[in-house]
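To convert, note that position 806 of the sequence shown is 852 in my numbering; the numbers rise steadily by one, no gaps. Cβ atoms here follow ideal geometry from the backbone N, Cα and C, with glycine treated the same way. Bear in mind that the values here come from a model prediction, so they are computed numbers and not experimental data. All remarks here apply to the structure that follows.
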Amino acid sequence: MAGSDSHPEYGGNGIRRRHSSQYDDGEGRRPSVQDGESTSPTTYNIEDTARSVPDSDAIVVSTSSAVDNSAKTSLSRPSTDTAPRVRFSTDFDRQSIPQIARSGSTGTSPDKVAQARKSSLSKKRPGTPDLSVDTQERASSVGSTALTQGIIRSPSNITSQALPESASRTSPLSPTTRNRGYSLRQALFHRTIQDQATSPRSVIELQEAAESSGQTAINQHDSQHDSSRPTKKSGDATVTISRADLTYPELPERTFKTKGVKGISALPNYESWVRSKGRRKGILHTLRTATSSAWRFVLRIQEIPPSKDGRHIDLDASRKKSLIDERTNKPYMGNTIRSSRYTAWNFLPRQLFAQFSKLANFYFLCVSILQMIPNLSTTGTYTTIVPLLFFVSISIAKEGYDDLRRYRLDKAENNRDAKVLHAYQPTSTAPSDAEIVPSPSVRPLHWSTTKWKDIRVGDVIKLSRNEAAPADLVLLHSSGDNGIAYVETMALDGETNLKSKQATASLAKMCKTPDSIALCKAQFVVEDPNLDLYTFEGRVTVDGETSPLTNTEVINRGSVLRNAPDAIGMVIYSGEECRIRMNANKNPRIKAPALQAIVNRVVIVIVIFVIALAIFNTVAYQIWSDSTEDNSWYLTNAGVAFFPILASFIIMFNTMIPLSLYVSLEIVKLAQMFLLNDIDMYDEVSDTPFEARTSTINEELGQISYIFSDKTGTLTDNSMKFRKMSVAGTAWLHDADLQKKPNKKEHLMHKRRSKGKKPVRKSRDLRSMEESMALRDNVDVVNGNDRDSNKSSDGGGVERHGSKWKSTARPAKLQPELLTTDMIRYIQRKPFTLFARKARLFLLSMALCHTCLPETQPNGEIEFLASSPDEHALVQAAQEMGFLVINRDVGTITLKIMPLGADTEPILEIYEVLDVIEFSSKRKRMSIVVRFPDQRICIFCKGADSVVMQRLKLATLANKKAVEIERRASKRKSLEAQYAIARKSEQVERKGSINRTSGTRASFTLGRASTTLSRASVSAVGRSSMNAQALQPVRDELDQWLTERERDVDISSVEDNSIYYSPRPSAQLRRQSLAVSEARSSMQMEEMDDIVDEALVVDEALVTERCFQHINDFATEGLRTLLYGYRYLDEQEYMAWKKVYLGATTSLVDRQHLIEQAGELIEQNLELAGATAIEDKLQQGVPGAIDKLRRANIKMWMLTGDKRETAINIGHSCRLIKDYSSVTVLDHETGQVEQHIAAAILDINAGKVAHSVIVVDGQTLSMINEDKSIQTLFFDLAILADSVICCRASPSQKAGLVKAIRKRVKKTITLAIGDGANDIAMIQEAHVGIGITGKEGLQAARTSDYSIAQFRFLTKLLLVHGRWNYIRTCKYTVGTFWKEMLFYLTQALYQRWVGYTGTSLYEPWSLSMFNTLFTSLPVIFIGVFEKDLAASTLLAVPELYTKGQCNGGFNFKVYLGWMFMAASEAVVVYFCMLGLYGQAIFTNDNGLFAMGDLTFTACVILISSKMQLIEMHNKSVVVAISLICSIGGWFLWNIILSATYNPASPIYHVRDALFATFGRNALWWLTLILIISSTVVLELGIGSLRAAFSTTDVDIFQELEKDPAIKRRFEEASAMELQAGWNRGVEGSSAEIERDAEEQKREGEVRDLLRNRPDTLEEGRSEPVRRSTDTHELLSRKFGKVRAE
């Protein structure tokens, strides 16, 4: 999802972007403008103002970039933003397109520029409307006056330099591309208006620049004549808009590949390689194209052609008939949506095709057809087809139920109610006056309640507050303030901030009431439906006045109306043509586990083996028939032809691929699904348990290699909290929200481990690097992973005494900040100090500089309505610190201030709001001008530190200090990166090596993805005779190994005690370490006086340095920073500026740009007020979960619709980006995308990068995807990188990235997790989809495969349950193949002794029940209950998860090993039976049934013993159940057969055989015992040899788990994930069990002591002694009372 996209970002979000030194974040870099250089065709020069304004995103690169008061201001940037009422483009996300030609400063001729325009705009985007505007402008000559003199004229007085006519025809402002957020219409409009400022009348044709020269009529008058003409209002420009004949040429097609992405031509070597590779793939590409075309032809899939010039819709509330879509000549698509995959007509055919496209089902279908041919089958006629149809029917019914559930959800949404305006009589033409008088003929009007599915294009819809839009609407009217409607678009892009929507000025004037809407005759032309959520093109014509439509006037389906009573809009797109539906995955694929592909290949091998075995036996029969059968008189006419005997053998051996494999597998997975309901994955706060919605892909949870995560609501908690502030050089921590929360139960933490001698295994280079970095422990560090972002002693964190907060980005960093409660108490104690005055002014700026509206609740509490959660957090913090906004009227803000504390009488102060210069993405700041109660005027400005810094009075010093701070931070990050690279290289060296030491010391070596333990160590752990001292080296090295991986690289201690902090951290730690109560009553007064250094407050230079050091620290901790400045204004200066600002706000031309220019004039020479840091709250345990997933070799991508700065900030917070990471930002606006990609690939492959992160935005990604070669290069980089962050991504782009990785990276499993409707496509595209049941609703959870309440539950779901299910499924599958091979190879071996005639060794009824009754439970139970390692071990050592990623549980190597054992054991079983019993001379019965029953019995016992006793590590009562049911059931079956079998059976003499014949023969039983013993010894022997010479990680940790101390260490490391179960008593930890046992033992000893104590004292006493169990009483008698401390 996404985060906030409003004021707090201020372009950089107020965040200092973190990146490595080798990559520059060039997003904001622009070449510096020299003095006198023209920066645009029309330059407005305002003399003697502050300075030139650098780009708001610019990075400090020099100390000379600061400004002094004497510099000039060049306000020349063309605006890409528009006025609130006259809008030509209103997407504020993009910056201006760089200019191609500069008037007066370049040598480029206009003709060349025009030619370049023509070539760049040659493509035409179909279905896009255009606009021509006829304007008439009067301008007056103006002059420039210095602001300092107090005489400033309105914007119309700013002189413009007129260009030659040829230059005006092709403006340098015309963009080379239609980038997102930048309108070509606006660029052309600015070009003509600015270049022809002196023209009284001009017609602007919005079309291709090269063609406009011949079509645009430009009538120019002499500039002197215009300048001398009087104006209606002094100092104001008047623009009149008159009617004209409008023409609508088509806009060029929106193309992306013109800037930033040059194509592979920038990489010539790569280009040649791509061309050679493309030539090789020509045939394959042609074949795919032909196949796709044929598929479309067969299914009659036709692309809808684009419209000629867009969709034309007239506003008509009385319309009865549906509008016709000119593209199809049919009515526009209805508003019904459908996410179900099937209809009643195509469900059965599609399902039959899907089921029998599975290889196994098709194989069984073929076998069943052969089996039903008469006289071919020796095993029955319907024994295959009946269970096959039953199994297929179950699968079809399951799929049908899932689709029925989706259909019901669709039906519920389609039947929601909406209000539609109906006018039942024709309406008259609306009058042109401002006041619209409804005609009597318009009556009656009616708001009809209509189902969503019945809404049509052109309907007028009324939205009430908190209602969702039923379709894509264009806004006609809003009852909110100033006609603004605030909508929440969380379902579309995941952003939590509210978007402001406002109707165009012409519509707002004509559509004030339902009556006026019915009378209004507006014609809309909008673009054809498309996927783009961020741009919109259209126009509306009202009474001949045409205005453009942009995204600001459109409310998309799924958006929720907030902060406005109601809004009215007209439907422009409906149903599946809505933006949110076009971004949805219309035909989600049917998910199948990746293990099934391996099983299919094994099935093919077995099919080939069965056919080969059948052919061999058939040929052998032919040979035997020629040599023996023909010469045997008793076999006359008994011969069988080739095909029947071949078919009979195929039918006999076909159960080597048992149908029960798939039937039982469904049972296994269903049981696994129920076992996933873990109490540790239950969220108490929301009362939400884990829920599994499918059982098909359980094992894929243990094979995940890539996680694609949303941000807002998935990683974050959808809440912003004010966390830190820097004022007057001192940093303060605000933890009021944490103090309100009760302390939670601490996690399991064992006693301090042994401090004995630790094994030293670090390399020399690594040790020297640690020494060079001077790493030292100056705080109490707790081992373990991140537990809770709000806990004071989480794993890997610092134990704090005064605060509950710690940084999630750098958990080991010292937190020396004082608390804001101390600051407030200090201000109250010393209200007249300089610090107190500065602090109060800073708090006042927080309480005033915002746009929030207070709202009093019924309980008296005040809630704030804010368009951004960041602003809400700031105002809330100001309230908590004593500055409460209680009322905000049109021109005033009322504050309730408590100067002496909450218990004293408050003071009400009314501040007059003079002006508000609002935030925009271009300005990246907002300002407010207020008049104090004492009549002083002050301007407060807040914004990104990089922007506000340039406007400070000490800007030069600020730039210099910022460079120094960045240099120090870069040095630290470089050291951390070197240390991380060294540690990684050491782990690689360890990997696969076995370090052994002489003597009795055990050796233990662990690599990153593998673990290696010497056999001596393994045996030592498992040997009970070994004492604790002998095992201590193994424990110590394991503890060191775990601790090294639990802690990330962090050398922040190098900075903590530096001179760049004030107060010193050591002093603050000394103060904070005091014993404090909640009221801090024990703090001495002298300590209170020392918390602030008043001498520091006077030194402005030092305060500035400290402030920017704090900002840097806040940013590295993952906080979102803002810088505050202020300046007092005198009355004359303000009034002079007010005249300029008033002219800008009332201008109808380029209003937004003029407002920005006016803001530049006054936002100068600011005093530094302070800085704030806001925490975007992460969900509990997110950083620790990501760390463990990273250790499990899982790469995590964050795909969000939020801004880049916000995404990078959250990346730091959740440790997706480490402080030493190399961040490669791919931005089409900065250019050289290909070079950045290639350079990053080379650096990663060369091992120069410790941790690489790629950041790309949706616009750049779209450009990359247009060039397949660059796309390939990009994904090569993305696969190499450790993490990828994609910001501003639409739902379809998210799904596209998931699909690309799923297709490109073979043998990897992807997982997508999200919580909103915009994540559905991504969730459906991934192998595994996880839905978060969060604040954005249940849309994602309903369509997901599994749903959880918190991201942290993903750790146990994957590392524990996922791995268990993978191991279980693998053992079940390979065990099933093994038992079938074992059983049927004995059948094949027997054919040698019956002439290969197909005679079965086993009795037919018993044979048919082999898989169902006698051998199903052993494999099912191991597939359901197996746990090869404990949950605590898997969570403490996530590296064990890699077994599933590399398919280590089931592959051809594993399969062949098991088949070798099956063949060996089949030979042992058969020949032992034949040699010891079948060929014995003296025996009661050695007939066919006796030999078959002996072999059958041996196989049943061997299968149950191997699967339950040898292979199952987690032995419990289910083992006994399985053995009793399987083995006992087989003998019970024999008893039943012996008693009921037909005695006349000629082949199998079963009747009474068990009791009368072979059952009484000791040789039969002895042979059975010998066979079982031989096979078990063979199994154990082979297993021991494998463990000895090919030791696996599982072998090592199974032995380590046997040591109680090591097991406790594992439990300590996994306490975060397992504590919930321990608390509820589901399964106590070993430490708790041991502790309880010790307590019980101690209590027993005390009772014995107390019971015996009185008897020993009776001899010296005459009075009877009372037996007492009161320990205190007994101890006081003997030793006196215990003094209470």
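- Message: Does the beta-carbon of residue 1257, which I'm using as the reference point, lie nearer than 7 Å to any heavy atom of the ligand SAH?
- Response: Absent from the structure shown: the ligand SAH. Ligands present: none.
- Take every Cβ of the region 586-600, pair it with every Cβ of the region 542-556, and state whether three or more of those distances are shorter than 8 Å. yes
- Can you tell me the Cβ-Cβ gap for residue 707 and residue 1422, rounded? I've got them flagged as a contact below 8 Å. Counting from 1 along the sequence shown, the entry for residue 707 is found at position 661. Counting from 1 along the sequence shown, the entry for residue 1422 is found at position 1376. With 8 Å as the limit, residue 707 and residue 1422 qualify as a contact, their Cβ atoms being about 5 Å apart.
- Item | Burial state of residue 432 (16 or more Cβ within 10 Å) | Reading the sequence shown from its first residue, position 386 is the one you call residue 432. Looking at its Cβ environment, which holds fewer than 16 other Cβ atoms inside 10 Å, residue 432 is exposed.
- Taking the alpha-carbon positions, what's the residue 647 to residue 1616 distance? Residue 647 sits at position 601 when you count from the first residue of the sequence shown. Residue 1616 sits at position 1570 when you count from the first residue of the sequence shown. So the two alpha carbons sit approximately 36 Å from each other.
- Query: If you compare alpha carbons, which of 1440, 1334 and 1411 is closest to residue 757?
  - Reply: For the purposes of this step, residue 757 is taken as residue 711 along the sequence shown, with counting starting at 1. Of 1440, 1334 and 1411, the residue nearest in Cα terms is 1334.
- Query: Is the Cβ-Cβ distance between residue 779 and residue 880 less than 8 Å?
  - Reply: Numbered from its first residue, the sequence shown carries residue 779 at position 733. Numbered from its first residue, the sequence shown carries residue 880 at position 834. It is not a contact, given that the beta carbons lie outside the stated cut-off.
- Contact between the region 1141-1153 and the region 997-1012 (3+ Cβ pairs under 8 Å): yes
- Query: Relative to the C-alpha of residue 1249, which residue among 1305, 1294 and 1289 is closest?
  - Reply: By 1-based counting over the sequence shown, the position of residue 1249 is 1203. Closest option to residue 1249, Cα to Cα, is 1305.
- Message: Which same chain residues end up closer than 8 Å to residue 455 when comparing Cβ atoms and leaving out the 5 residues on each side of it in sequence?
- Response: Residue mapping note: residue 455 aligns to position 409 of the sequence shown, counting from 1. Closer than 8 Å at Cβ, skipping near neighbours: 385 and 1388.
- Message: Tell me the DSSP secondary structure of residue 1331 in three-state form.
- Response: Translated into the one-based positions of the sequence shown, residue 1331 becomes position 1285. Residue 1331: strand per DSSP, three-state reduction.
- By how many angstroms is the C-alpha of residue 1625 removed from the C-alpha of residue 1508? Translated into the one-based positions of the sequence shown, residue 1508 becomes position 1462. Translated into the one-based positions of the sequence shown, residue 1625 becomes position 1579. Whole-angstrom Cα-Cα distance: 10 Å.
- Message: Counting C-beta neighbours from all protein chains within 10 Å, is the total for residue 878 16 or more, i.e. buried, or is it exposed?
- Response: For the purposes of this step, residue 878 is taken as the residue at position 832 of the sequence shown. That one is exposed.
- Give the C-beta separation of residue 1411 and residue 642 to the nearest angstrom, bearing in mind that I take them to be a contact with Cβ-Cβ under 8 Å. Translated into positions along the sequence shown, residue 1411 becomes position 1365. Translated into positions along the sequence shown, residue 642 becomes position 596. Not really, about 14 Å apart at Cβ, beyond 8 Å.
- Query: Under a three-way DSSP split, which group does residue 608 fall into?
  - Reply: On the sequence shown, residue 608 is found 562 positions in, with the first residue counted as 1. If DSSP states are grouped into helix, strand and coil, residue 608 belongs with the strands.
- Message: Using a 10 Å radius around the Cβ and a threshold of 16 neighbouring Cβ atoms, would you call residue 755 buried or exposed?
- Response: Here residue 755 corresponds to residue number 709 of the sequence shown, with the count starting at 1. Classification of residue 755: buried, given that the 10 Å Cβ count is 16 or more.
- Task: Throw me the rounded Cβ distance for the residue 434 and residue 414 pair, which I believe falls under 8 Å.
- Result: Here residue 434 refers to the residue found at position 388 when the sequence shown is read from its first residue. Here residue 414 refers to the residue found at position 368 when the sequence shown is read from its first residue. The Cβ separation is near 6 Å, so the contact holds.
- Query: According to the neighbour-count rule (16 or more other Cβ atoms, all chains shown, within 10 Å of its Cβ), is residue 339 buried or exposed?
  - Reply: As a working note, residue 339 is residue 293 in the sequence shown. The residue in question, residue 339, is exposed, as its Cβ has fewer than 16 Cβ neighbours within 10 Å.
- Could you name each continuous alpha helix (DSSP H) segment of 4 residues or more that falls completely within the region 598-678, going from the start of the chain to the end? List check, alpha helix (DSSP H) in window: 625-628 and 640-673.
- Query: Taking Cβ to Cβ, would you say residue 1224 is nearer than 8 Å to residue 1259?
  - Reply: Here residue 1224 is taken as the residue at index 1178 of the sequence shown, counted from 1. Here residue 1259 is taken as the residue at index 1213 of the sequence shown, counted from 1. Result yes, Cβ atoms of residue 1224 and residue 1259 sit closer than 8 Å.
- Does the region 644-660 come close enough to the region 1357-1371 that 3 or more CB-CB pairs lie under 8 Å? no
- For residue 552 versus residue 611, is the C-beta distance shorter than 8 Å? In the sequence shown, residue 552 corresponds to position 506, counting from 1. In the sequence shown, residue 611 corresponds to position 565, counting from 1. The answer is no: Cβ separation not under 8 Å.
- Message: Is it the case that the region 1387-1403 contacts the region 1510-1519, given that we only count it when at least three CB pairs across the two stretches are under 8 Å?
- Response: Not touching, per the Cβ criterion.
- Message: Under DSSP, the alpha helix (DSSP H) around residue 873 begins and ends at which residues?
- Response: As a working note, residue 873 is residue 827 in the sequence shown. Residues 866-875.
- Task: Say whether the region 664-677 touches the region 394-409, bearing in mind that this needs 3 or more beta-carbon pairs closer than 8 Å, one atom from each stretch.
- Result: The region 664-677 makes no contact with the region 394-409; the number of CB pairs closer than 8 Å stays below 3.
- Identity of the residues DSSP links to residue 521 by a beta bridge: The residue you call residue 521 lines up with position 475 of the sequence shown. According to DSSP, which records beta bridges pairwise, residue 521 is partnered with 615.
- Item | Limits of the unbroken beta strand (DSSP E) element including residue 572 | Position 526 of the sequence shown, counted from the start, is the residue given in the question as residue 572. Start and end: 568-572.
- Message: Using only CA atoms, which one of 895, 1027, 1188 and 1080 lies nearest to residue 989?
- Response: Sequence index remark: in the sequence shown, residue 989 carries index 943 (1-based). For the residues 895, 1027, 1188 and 1080, the minimum Cα distance to residue 989 belongs to 895.
- Item | Opening and closing residue of the beta strand (DSSP E) in which residue 1429 lies | As a working note, residue 1429 is residue 1383 in the sequence shown. Unbroken run through residue 1429 is the alpha helix (DSSP H), 1409-1436; no beta strand (DSSP E).
- Query: Buried or exposed: where does residue 1484 fall if 16 or more other Cβ atoms within 10 Å of its Cβ makes it buried?
  - Reply: Position 1438 of the sequence shown, counted from the start, is the residue given in the question as residue 1484. Buried, by the Cβ-count rule.
- Message: Quick check: the Cα distance between residue 741 and residue 715, rounded to an integer number of angstroms?
- Response: Indexing the sequence shown from 1 puts residue 741 at position 695. Indexing the sequence shown from 1 puts residue 715 at position 669. Taking the straight line from one Cα to the other gives about 5 Å.
- Message: Let me confirm a value: residue 1556 is counted as buried when at least 16 other C-beta atoms fall within 10 Å, else exposed. Which label applies?
- Response: Start at 1 with the first residue of the sequence shown, and residue 1556 comes out as number 1510. With fewer than 16 Cβ atoms within 10 Å of its Cβ, residue 1556 is classed as exposed.
- Nearest to residue 580 by alpha carbon, out of 626, 613 and 1629? Here residue 580 is taken as the residue at index 534 of the sequence shown, counted from 1. Measuring from the Cα of residue 580, the nearest candidate turns out to be 626.
- Roughly how far, in whole angstroms, is the beta-carbon of residue 609 from the beta-carbon of residue 532, given that I think they are within contact range, below 8 Å? Along the sequence shown, one-based indexing puts residue 609 at 563. Along the sequence shown, one-based indexing puts residue 532 at 486. About 4 Å separates the two Cβ atoms, so the contact holds.
- Take residue 77 and list the residues in its own chain whose beta-carbon comes closer than 6 Å to its own, dropping the five residues that flank it on each side. By 1-based counting over the sequence shown, the position of residue 77 is 31. For residue 77, the predicted structure reports a pLDDT of 40, less than 50, and the residue's modelled location is therefore unreliable. A value from the coordinates is still provided. Take residue 77, set aside five residues on each side of it, and no residue of its chain has a beta-carbon closer than 6 Å to its own.
- Going by C-alpha distance, which of 1168, 1185 and 1309 is nearest residue 1251? Against the sequence shown, residue 1251 aligns to sequence position 1205. For residue 1251, the nearest C-alpha among the options comes from 1168.
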